[in-house]
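**Student:** So that we are looking at the same thing, I have put the structure below in structure tokens.
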Amino acid sequence: GWQSMCHPPAGLLPVLWLAAFTAFSGHYHDHPFYRWAVLAWIIAVGIHYWLLRIFETVWQETLVRLWHLGGLLLMVFLLTWESAWRIHQAVGGTGTWTAIAWGVLPALVILLLLRHGGTIEWPVRRFPGDYLELAPALIAAYLWAWDIRTAFQPGDPDPLPYVPVLNPLDVTQAFVLMVLFWWRRQIGKGEAPVFDPQARKTFAWAIAAAGFLWLNTVVARAVHFHEGVSYTAWGLYHSDLFQTAISILWTLTALGSMAGASRRGSRNVWRAGATLLAVVVLKLFLVDLEGTGTVARIVSFIAVGGLMLVIGYVSPIPPRATRETG
Numbered sequence: 095g096w097q098s099m100c101h102p103p104a105g106l107l108p109v110l111w112l113a114a115f116t117a118f119s120g121h122y123h124d125h126p127f128y129r130w131a132v133l134a135w136i137i138a139v140g141i142h143y144w145l146l147r148i149f150e151t152v153w154q155e156t157l158v159r160l161w162h163l164g165g166l167l168l169m170v171f172l173l174t175w176e177s178a179w180r181i182h183q184a185v186g187g188t189g190t191w192t193a194i195a196w197g198v199l200p201a202l203v204i205l206l207l208l209r210h211g212g213t214i215e216w217p218v219r220r221f222p223g224d225y226l227e228l229a230p231a232l233i234a235a236y237l238w239a240w241d242i243r244t245a246f247q248p249g250d251p252d253p254l255p256y257v258p259v260l261n262p263l264d265v266t267q268a269f270v271l272m273v274l275f276w277w278r279r280q281i282g283k284g285e286a287p288v289f290d291p292q293a294r295k296t297f298a299w300a301i302a303a304a305g306f307l308w309l310n311t312v313v314a315r316a317v318h319f320h321e322g323v324s325y326t327a328w329g330l331y332h333s334d335l336f337q338t339a340i341s342i343l344w345t346l347t348a349l350g351s352m353a354g355a356s357r358r359g360s361r362n363v364w365r366a367g368a369t370l371l372a373v374v375v376l377k378l379f380l381v382d383l384e385g386t387g388t389v390a391r392i393v394s395f396i397a398v399g400g401l402m403l404v405i406g407y408v409s410p411i412p413p414r415a416t417r418e419t420g
């Protein structure tokens, strides 16, 4: 009958997170499942969920939900860390393969949770808001940051040869973005969605921005590997080929956005495409004109001008009365 003794076991999860963080920051043998550590983690996480089960009606509901969320994220972190280490050991290289692992496994967790999590009676169906909405949202936020961070990596696929678009890091970023877009479509379908329509619209714009950055990264990496341009802001800025390529890319993106917005009747998306087109025009005069006389700059002006004529023909602004869908 010693009821107060039900509270100290709640300290297990913070201790586990502290142990994981200490080992990770201190590079303790470089991976969490070193020798018998894998058995220790399995037992510790198992005890954590056993405690959640037996104290589910004793602990405060908020604590129980937070500890379910924290336990799941701890497992994702440990498995991702271990996967990244093992891939690095098997492939080596310049760190690109390690970065890939840090993106692939969390994305797979989102897919598994949303597609099959509902079949697990406990704890997923017992706490659907935490396992099927909050946890995927937190992992999605991490993946968005991961995608932005990896855009600044050249993505050397050593020991494989570099192939534009089809190289491992570009493919992984595309996969992560597709998972994020799919996650965005899935949220809000439940009876009591956690995120309101405005939040879901914000998520969509953030993911679209990450996708646009990825497209620019694909071009930058191709120029870097095939033309020997330094993968730095300074090197890419002073590359005539890169400047021409992204001018055309931005115009094509504006064309696709505005054409799609015209068909869907979304003035917001159409305005975003028009804004991007205006940025391209400013770039042509403020940046591209610095290289007047080069073939690349001439191609840039001709290509962008031609695409702008196409945009004016196929992408009229949607009527104001049309219901917004973007």
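Under the numbering used here, think of the first position of the sequence shown as 95, with each following residue one higher. Just so you know, even glycine gets a beta-carbon here, dropped at the ideal spot from N, CA and C. Only a predicted model underlies this, so the values are computations on that prediction, with no experimental measurement involved.
Please report how far the alpha carbon of Ala148 lies from the alpha carbon of Leu260, in whole angstroms.
**Tutor:** The amino acid occupying residue 148 in the given sequence is Ile; Ala does not appear at that position. Cα-Cα distance, rounded: 49 Å.
**Student:** Using a threshold of 8 Å, state whether the C-beta atoms of Val270 and Gly211 are closer than that.
**Tutor:** no
**Student:** What residue range is occupied by the uninterrupted alpha helix (DSSP H) comprising Phe379?
**Tutor:** 361–380
**Student:** Quick one: using the 10 Å Cβ neighbour count with 16 as the cut-off for buried, is Trp130 buried or exposed?
**Tutor:** exposed
**Student:** Is Gly165 near Leu107, with beta carbons less than 8 Å apart?
**Tutor:** yes
**Student:** Report yes or no: do three or more beta-carbon pairs, one from the region 320–328 and one from the region 290–297, lie closer than 8 Å?
**Tutor:** no
**Student:** What is the DSSP secondary structure of Asn261, counted as helix, strand or coil?
**Tutor:** coil
**Student:** Assign Ala245 to one of three DSSP states: helix, strand, or coil.
**Tutor:** coil
**Student:** Distance, Cα to Cα, Ala239 vs Gln97?
**Tutor:** 43 Å
**Student:** Would you decide whether Gly420 is buried or exposed? Buried here means 16 or more other CB atoms lie within 10 Å of its CB.
**Tutor:** Note on Gly420: pLDDT 44, under 50, position unreliable in the model; the coordinate value appears next. Per the 10 Å Cβ criterion, buried.
**Student:** Given this structure, state the Cα-to-Cα distance separating Glu418 from Trp277, to the nearest angstrom.
**Tutor:** Residue placement at Glu418 is flagged as unreliable, the pLDDT there being 49, under the threshold of 50; the coordinate-derived value follows with that caveat. If you take the alpha carbons of Glu418 and Trp277, they lie about 21 Å apart.
**Student:** Closer than 6 Å by C-beta to Thr416: which residues in its own chain qualify, once you throw out the five before and the five after it? Chain order, please.
**Tutor:** With a pLDDT of 44 at Thr416, under the threshold of 50, the predicted position of this residue should be treated as unreliable, though the coordinate-derived value follows. Contacts found: Gly359.
**Student:** The alpha helix (DSSP H) with Trp153 in it runs from where to where?
**Tutor:** Careful: Trp153 lies outside any alpha helix (DSSP H) and carries neither H nor E.
**Student:** Contact between the region 373–382 and the region 334–348: three or more CB pairs below 8 Å?
**Tutor:** Touching, yes, given that three or more Cβ pairs across the two stretches are closer than 8 Å.
**Student:** What's the gap between the Cα of Leu330 and the Cα of Val381?
**Tutor:** 12 Å
**Student:** Beta carbon of Ala245, beta carbon of Thr311: below 8 Å?
**Tutor:** When the beta-carbon positions are compared, Ala245 and Thr311 come within less than 8 Å of each other.
**Student:** Classify Asp290 as helix, strand or coil using the three-state DSSP reduction.
**Tutor:** coil
**Student:** Buried or exposed: which applies to Leu168, given that a residue is buried once 16 or more other Cβ atoms fall within 10 Å of its Cβ?
**Tutor:** buried
**Student:** Pull up the distance between the alpha-carbon of Ala104 and that of Phe127, whole angstroms please.
**Tutor:** 24 Å
**Student:** Mind listing, in chain order, the continuous alpha helix (DSSP H) runs of no fewer than 4 residues lying wholly within the region 187–232?
**Tutor:** 190–210
**Student:** Give the secondary structure of Phe297 by DSSP, where H, G and I count as helix, E and B as strand, and everything else as coil.
**Tutor:** helix
**Student:** With DSSP run on the structure shown, which of helix, strand or coil describes Phe118?
**Tutor:** helix
**Student:** Note down, in chain order, each residue of its chain lying with its Cβ closer than 7 Å to the Cβ of Pro200, except the 5 sequence neighbours on either side.
**Tutor:** Closer than 7 Å at the Cβ level, and outside the excluded window around Pro200, lie Val170, Thr174, Ile233, Tyr236, Leu237.
**Student:** Could you tell me which of Thr213, Gly186, Glu215, Glu227 sits nearest to Ile204, measuring between CA atoms?
**Tutor:** Glu227
**Student:** Please report the Cβ distance between Gln267 and Asp241, rounded to the nearest whole angstrom; I am assuming they are in contact, meaning their Cβ atoms lie under 8 Å.
**Tutor:** 6 Å
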